[in-house]
Amino acid sequence: MGSSSAGSMRRLWPEQSGELSDDDIVASLATDTPVLRVNFVSSVDGAVSHDGRSGGLSDDADKRHFELLRRVCDVVLVGAGTVRDEGYGAMRVSGESAQWRLANGLTEHPVFAIVSGSLDLDPASEIFTDAPVRPILFTSSRGARRATLFESAADVVVATRQATDGTDPGAPATDDPAIGDADTGDAALTVHGPTIVAALRQRGLTSILCEGGPHLFGTLLADRAVDELFLTVSPSLEAGDAIRITAGDLVEPARMTLVGILSSGSTLLLRYRLA
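Offset between the sequence shown (1-based) and our numbering: plus 263.
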């Protein structure tokens, strides 16, 4: 399968290349080990959105790379707020990606996993009713009270960190506006990143692609659950008060190693591995 004429890409580093085909890029993503990758687009000055949506920063190259990352993963993990803000529908890859997946021993489409502390979602949404693969919902102890609403729509998994005394200490929260719930600071609404990752891997979903938002990324980063970051740098300056690709607190900065640079016109697509 060749590359699309739209969004042509070349490798700038570690070695230069001519135009890359889809197969070239997919081969560079191949791995036999469990991996959690995070994919974001931002402006040169660090904004993650234009007019409130990351799609406003995305060009043909970013969209193509976005699709190829989905092509090779087992599951796409997204916070509920990002699902709403970006207008996600059912999780389906392109026809070409579906054919590649089936030919390479994967399901036709990746699993869609959504994180919501409150489980304030609509089970009648096409995210669930049109899903080619049954989605997974990760929620908190309080959100689990709404689990029966999703019995026919999705698998609901309570993903909390339990303290040794049996109480929930309130792990790094994913229950803020970027994820889809009010940031109440209520421990009963918190969702634990490593528990999510472990639950996915127990289901055999070892190649995880997280598409945001910033608070979910921040939570996973704080718990050192992230292996790679793919960051598309859009050639624009947004100014304003748009948030960055991560939100929340880190005990210490997360060090990264640059392992690849692709380019498409003035757009750069960076690949980092976390130390």
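Built from N, CA and C at the ideal position, the CB exists for glycine as well.
- Just the C-alpha distance for residue 338 and residue 459, rounded to the nearest angstrom, thanks. In the sequence shown, counting from the first residue as 1, residue 338 sits at position 75. In the sequence shown, counting from the first residue as 1, residue 459 sits at position 196. Rounded to whole angstroms, residue 338 to residue 459 spans 12 Å at the Cα level.
- Hey, which unbroken runs of the alpha helix (DSSP H) at 4 residues or more fall wholly within the stretch 340-405? 343-348, 358-366, 389-392
- Message: Judging by CA-CA distance, which residue of 505, 495, 515 is the nearest neighbour of residue 524?
- Response: Locating residue 524 in the sequence shown gives position 261, where the first residue counts as 1. Of the candidates 505, 495, 515, the one whose C-alpha sits nearest the C-alpha of residue 524 is 495.
- Residue range of the unbroken alpha helix (DSSP H) whose run includes residue 508: Here residue 508 refers to the residue found at position 245 of the sequence shown. Premise fails: residue 508 is in no alpha helix (DSSP H) and is neither H nor E.
- Message: Is residue 277 near the ligand SAM - that is, is its Cβ less than 7 Å away from at least one heavy atom of it?
- Response: In terms of ligand content, the structure shown is empty, and the ligand SAM therefore cannot be addressed.
- Item | Collapsed DSSP secondary structure at residue 291 in the structure displayed | For the purposes of this step, residue 291 is taken as residue 28 along the sequence shown, with counting starting at 1. Looking at residue 291 - three-state DSSP - the assignment turns out to be helix.
- Using a Cβ-Cβ cut-off of 8 Å (strictly less than) and excluding sequence neighbours within five positions of residue 282, which residues of its own chain qualify? As a position in the sequence shown, residue 282 is number 19, starting the count at 1. Only 266, 271, 272, 273 meet the Cβ criterion.
- So, helix, strand or coil for residue 466, using DSSP? Counting from one through the sequence shown, the residue named residue 466 turns up at place 203. Looking at residue 466 - three-state DSSP - the assignment turns out to be coil, as it is neither helix nor strand.
- Query: Excluding sequence positions up to five away, which residues of its chain have a Cβ less than 6 Å from the Cβ of residue 325?
  - Reply: Along the sequence shown, read from residue 1 onward, the residue named residue 325 stands at position 62. Around residue 325: 304, 495.
- Message: Would residue 413 and residue 376 qualify as a contact pair, given that the criterion is a beta-carbon distance under 8 Å?
- Response: Along the sequence shown, read from residue 1 onward, the residue named residue 413 stands at position 150. Along the sequence shown, read from residue 1 onward, the residue named residue 376 stands at position 113. Contact: no.
- Message: So, under 8 Å CB-CB, residue 390 and residue 352 are touching, yes? Tell me the CB distance rounded to an integer number of Å.
- Response: One-based indexing of the sequence shown puts residue 390 at position 127. One-based indexing of the sequence shown puts residue 352 at position 89. With a Cβ gap of about 6 Å, residue 390 and residue 352 count as contacting.
- Task: Pick helix, strand or coil for residue 333, following the three-state DSSP scheme.
- Result: Working through the sequence shown from its first residue, we reach residue 333 at position 70. Note: residue 333 maps to helix in three-state DSSP.
- Query: Relative to the C-alpha of residue 333, which residue among 463, 371, 481 is closest?
  - Reply: Taking the sequence shown and counting its residues from 1, the one referred to as residue 333 is at position 70. Selected option, being the one with the closest Cα: 371.
- Message: Going by beta-carbon coordinates alone, are residue 322 and residue 500 separated by less than 8 Å?
- Response: Sequence index remark: in the sequence shown, residue 322 carries index 59 (1-based). Sequence index remark: in the sequence shown, residue 500 carries index 237 (1-based). Contact flag unset, no.
- Item | Limits of the alpha helix (DSSP H) - the one that residue 480 falls within | For the purposes of this step, residue 480 is identified with residue 217 of the sequence shown, where counting begins at 1. 477-485 is the extent of the alpha helix (DSSP H) around residue 480.
- Task: Would you kindly work out how many angstroms separate the C-alpha atoms of residue 531 and residue 418, rounded to a whole number?
- Result: Indexing the sequence shown from 1 puts residue 531 at position 268. Indexing the sequence shown from 1 puts residue 418 at position 155. Near 37 Å, if we compare the C-alpha coordinates of residue 418 and residue 531.
- Between the stretch 464-484 and the stretch 295-303, do at least 3 Cβ pairs fall closer than 8 Å? yes
- Item | Given residue 462 as reference, the closest of 517, 311, 378 once Cα atoms are compared | Counted from its first residue, the sequence shown places residue 462 at position 199. Per the Cα distances, 378.
- Query: What is the residue span of the beta strand (DSSP E) that residue 272 lies within?
  - Reply: Along the sequence shown, read from residue 1 onward, the residue named residue 272 stands at position 9. Counting along the chain, residue 272 falls outside any beta strand (DSSP E), and DSSP gives it neither H nor E.
- Please classify residue 314: does DSSP put it in a helix, a strand, or coil? Counting from one through the sequence shown, the residue named residue 314 turns up at place 51. Coil.
- Query: Which residues bound the beta strand (DSSP E) around residue 553?
  - Reply: Residue 553 is absent from the model: the chain starts at 264 and stops at 538.
- Task: Answer with buried or exposed for residue 491, where buried requires no fewer than 16 other C-beta atoms within 10 angstroms of its C-beta.
- Result: Taking the sequence shown and counting its residues from 1, one reaches residue 491 at position 228. Its Cβ being crowded by 16 or more others within 10 Å, residue 491 is buried.
- Answer with buried or exposed for residue 302, where buried requires no fewer than 16 other C-beta atoms within 10 angstroms of its C-beta. For the purposes of this step, residue 302 is taken as the residue at position 39 of the sequence shown. Buried.
- Task: Specify, as a first and last residue, the run of the beta strand (DSSP E) that residue 531 falls within.
- Result: Numbered from its first residue, the sequence shown carries residue 531 at position 268. Here the beta strand (DSSP E) through residue 531 covers 530-537.
- Item | When 475, 355, 380, 344 are compared against residue 219, the one with the closest alpha-carbon | Lying before the first or after the last residue shown, residue 219 is absent from the chain, which here runs from 264 to 538.
- Task: With residue 526 as the anchor, note down where its beta strand (DSSP E) starts and where it stops.
- Result: The count along the sequence shown starts at 1 and reaches residue 526 at position 263. 519-527 is the extent of the beta strand (DSSP E) around residue 526.
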